[in-house]
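Top to bottom, those sequences are chains A and B. Residue numbers for the first sequence follow numbering that gives the first Met the number 0, so the first one is 0 and each next one is one higher. Residue numbers for the second sequence follow numbering that gives the first Met the number 0, so the first one is 0 and each next one is one higher. Built from N, CA and C at the ideal position, the CB exists for glycine as well. Remember, predicted model here, so these are calculated numbers, not experimental data. Scroll down for the structure; my scribbles are underneath it.
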Amino acid sequence: MDDPIQLGTNFTAWDWVIVAVYLSGSVAIGLYANRYIRDMADYIVAGRSLRSFISIATMLGSEVGLVTVMYTSQKGFTSGFSAFHIGVCAGIVPLFIGLTGFIVVPLREAGVKTIPEYYGQRFSKGVRILGGFILAAAGVLNMGVFLKAGAIFVTALTGLHDPVIVNVVMTLLIVLVLVYTVLGGMVSVVITDYIQFVVLSVALLLTAVFAARQLGWEQIVDTVETVHGEAGFNPFAEDGVGWTYVLWNFFVFGLVSSAVWPTAVIRACAAESPQVVRRLYTFSSIGFMTRFILPQFLGICALVYFFQDDVGRELFFGAEGHVADDPNVTLKAMPSFLAQILPTGAIGIVCAGMLAAFMSTHDSYLLCWASVFVEDVVNPLMGGKLTTRTRLTLARVWIVMIAVFLLIWSLWYPLGQDMLDYLSVTGAVYASGAFALLLFGLYWKRASSVGAYLGLIAGAFAVLGLKPVQRMVGLGELLDFQQSVAVLGFSSVGLSLVLLVLGSLLFPDSPATRKES
Amino acid sequence: MIDGWVTFWLCVLIGTGIVYSCLTIAVAIGGFFDIRALLRTIDRQHEEEEND
């Protein structure tokens with residue numbers, strides 16, 4: 000079926016040329032980096048040789064991607080300025096981590112490449128395998144909607160509305176990512192992340208300034224007030240998102256995404272020293288904040304632009320002027336807005352930057368989940384006897400298998416909620432247990448393996464926050480949806496913490512086990 | 000009540016834009032030199048491994 004939302008675009012053949020040249024360059028760099036890969040340390044953590052600036056670039060290059068821009072702009076569209084609270088949370092927590100070294104410095108000092116490897120070092124091999132499995136499963140699930148976001152972006156920005164062509168473009172993109180991730184590993188990821196960080200940052204900043212100048216601040220404020228009322232500015236207003244949701248975002252997009260989420264933590268593990276880790280987090284806090292604030296502002300600009308436009312109003316708003324309920328529709332608002340206001344040439348650069356960022360997020364995530372699966376599940380199960388060559392081959396095979404899964408899941412899964420909420424829930428499946436294990440593993444000597452198992456399993460209950468799962472178990476009618484994401488999320492975190500403590504007190508590790516750990 | 004929030008979010012938006020612009024310039028320049036150092040370090044590590 001053709002896409003019903005067709006608003007026209009300034010995207011021309013020249014813009015396609017810009018996109019093709021830029022993406023070809025990225026792949027060429029990835030292929031060049033292959034000559035630097037000799038062992039697993041080169042492949043996963045670039046030989047642990049990353050200095051401050053490049054660490055910041057690569058962390059932000061993978062964390063500020065097309066998917067981030069899509070789901071955060073959607074939140075700006077659906078919640079107005081009150082969505083900015085997520086950016087503020089996402090900035091404050093990494094700054095705190097950078098200043099104190101909370102979680103990430105002891106992890107870097109442990110000398111591990113992945114978080115489950117730390118579980119193995121601190122608890123037991125079994126905890127490492129279970130933690131690795133939950134992490135890889137939740138991570139791949141989390142990535143499951145990335146291609147959907149990419150497809151919606153390409154459709155809306157370029158005016159390609161034939162679904163077959165869109166699927167071909169997305170498949171081509173994932174194949175390009177596979178080529179340079181499979182061959183180049185972390186070294187190619189680092190170099191391409193750097194280029195993509197610079198291009199995307201400049202594109203984001205200039206686009207935000209351009210959009211603000213086009214619409215005018217007063218018109219932006221007035222329209223947000225008309226559509227959302229006080230809740231469009233005050234997250235704690237009566238009909239706003241509420242305290243629980245704000246606190247949940249503080250936990251997920253502040254603490255988890257910077258100190259527990261492996262694609263961010265792997266940068267800390269790859270850093271040259273603990274001092275670099277602190278500097279990395281202190282300065283990256285600006286980027287963590289910006290990756291929400293600027294795209295959310297673009298989402299707000301899209302809201303204002305389409306509210307004033309008759310066709311846009313019909314497509315993106317209900318009869319009473321409320322924002323449309325369908326998340327697949329609201330996701331299209333920001334790219335449709337860019338397609339309308341950006342001139343030819345500029346739109347090509349923005350598209351190239353966004354698609355390159357899309358690829359950079361994919362390469363980091365693919366590399367991360369594949370290395371966790373090989374290093375923390377398969378290799379320990381085989382008694383740690385796999386050779387470097389076998390592990391590299393397995394990691395590459397696993398990357399290809401995840402890519403195939405992503406293609407299938409993107410087509411099949413009914414989103415049913417804001418993409419940001421989907422990502423926070425799937426992230427929490429892993430993060431609830433991981434937070435408990437890292438917190439008590441690093442800072443409480445009595446944390447035991449049994450407690451760790453219980454903590455990990457309890458965290459998986461966060462999956463109840465997914466709307467299709469809630470419908471399946473009949474939870475959807477019991478709780479207001481947006482609150483239920485937060486309530487169920489906090490419940491799984493609390494359960495993980497409580498069970499880990501109880502399990503550790505009731506079943507402490509034997510002195511021999513502790514010594515072995 | 001809304002006016003206070005509008006002012007606050009405007010400050011957040013402008014502050015973010017300015018600080019992020021500075022960060023982008025610093026990382027663009029510093030990152031270039033860090034990549035050169037990274038590739039040299041990996042080359043050196045490989046040479047040392049071969050010598051061992």
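Boundaries cannot be given for glycine 382 of chain A, as no alpha helix (DSSP H) includes it and DSSP labels it neither H nor E.
In the assembly as shown, isoleucine 24 of chain B is an exposed residue. Its beta-carbon has fewer than 16 other beta-carbons within 10 Å. For threonine 15 of chain B, the closest Cβ of chain A is nearer than 8 Å. Excluding five sequence positions before and after threonine 191 of chain A, the CB atoms of its chain that fall closer than 8 Å to its own CB belong to Ser25, Ile28, Gly29, Gly60, Tyr179, Ala355, Met358, Ser359, Asp362, given in chain order. The Cβ neighbour count for valine 167 of chain A, taken over all protein chains shown within 10 Å, is under 16; the residue is labelled exposed. Residue pairing for valine 322 of chain A: DSSP places it in a beta bridge opposite A/Phe316. Valine 424 of chain A and glycine 458 of chain A have their C-alpha atoms spaced approximately 11 Å apart. Contact check between the segment 416-434 of chain A and the segment 451-466 of chain A: three or more CB pairs, one atom from each, fall below 8 Å, which counts as touching.
Relative to valine 26 of chain B, the option among A/Leu65, A/Gln469, A/Ser200, A/Ala155 whose CA is nearest is A/Ser200. Within a 10 Å sphere around the beta-carbon of methionine 381 of chain A sit fewer than 16 other beta-carbons, which makes this residue exposed. One Cα belongs to valine 18 of chain A, the other to glycine 90 of chain A, and the distance between them is close to 31 Å. Threonine 6 of chain B has a beta carbon lying at 8 Å or more from every beta carbon in chain A. For threonine 289 of chain A, the neighbours in chain B by C-beta distance under 7 Å run, in chain order, Thr15, Tyr19. Between the C-alpha atoms of glutamate 108 of chain A and alanine 32 of chain A there is a straight-line separation of about 27 Å. Glutamate 48 of chain B: member of the alpha helix (DSSP H) spanning 1-50, first to last residue. C-alpha of alanine 402 of chain A to C-alpha of valine 174 of chain A: approximately 8 Å in a straight line. A distance below 6 Å between beta-carbons, with the five flanking residues on each side excluded, links glutamine 195 of chain A to the following residues of its chain, in chain order: Gly60, Ala355, Ala356, Ser359. Against chain B, the beta carbon of alanine 56 of chain A has neighbours under 7 Å at Val26, Gly30, listed in chain order. Listed along the chain, the chain B residues whose CB falls inside 8 Å of the CB of valine 303 of chain A amount to none; the nearest CB is some 14 Å away. For chain B, the residues of the segment 253-286 of chain A that bring a beta carbon within less than 8 Å of one of its beta carbons are Phe282, Ile285, Gly286, in chain order. Here histidine 321 of chain A is exposed, its C-beta having fewer than 16 other C-beta atoms within 10 Å. Sequence-distant partners of leucine 494 of chain A (beyond 5 residues in either direction) whose C-beta falls short of 6 Å from its own C-beta, in its chain, are Ala457. In this chain, the alpha helix (DSSP H) harbouring glutamate 116 of chain A covers 114-121.
Using a 10 angstroms sphere on the CB of glutamate 62 of chain A, the tally of other CB atoms reaches 16 or more, which defines it as buried. A residue is called buried when at least 16 other Cβ atoms come within 10 angstroms of its Cβ; glycine 97 of chain A meets this threshold and is buried. CA-CA distance, glycine 75 of chain A to proline 234 of chain A, rounds to 12 Å. Between phenylalanine 31 of chain B and isoleucine 53 of chain A, the alpha-carbon positions lie close to 8 Å from each other. Your pair valine 371 of chain A and proline 115 of chain A checks out as a contact, with CB atoms roughly 6 Å apart and the cut at 8 Å. The segment 326-342 of chain A and the segment 295-310 of chain A touch, with no fewer than 3 CB-CB distances between them shorter than 8 Å.
Under the DSSP assignment, threonine 225 of chain A falls in the alpha helix (DSSP H) whose first and last residues are 216-227. Using a CB distance below 7 Å, no part of the segment 16-33 of chain A faces chain B. Chain B has no Cβ within less than 8 Å of the Cβ of alanine 345 of chain A. Counted as a single uninterrupted DSSP element, the alpha helix (DSSP H) harbouring arginine 127 of chain A occupies residues 124-142.
Contact residues of the segment 183-216 of chain A toward chain B are Val186, Val189, Ile190, Tyr193, Phe196, Val197, Ser200, Val201, Leu204, Ala207, Val208, Trp216 (C-beta to C-beta distance below 8 Å).
The beta-carbon of valine 220 of chain A is placed less than 8 Å from the nearest beta-carbon of chain B.
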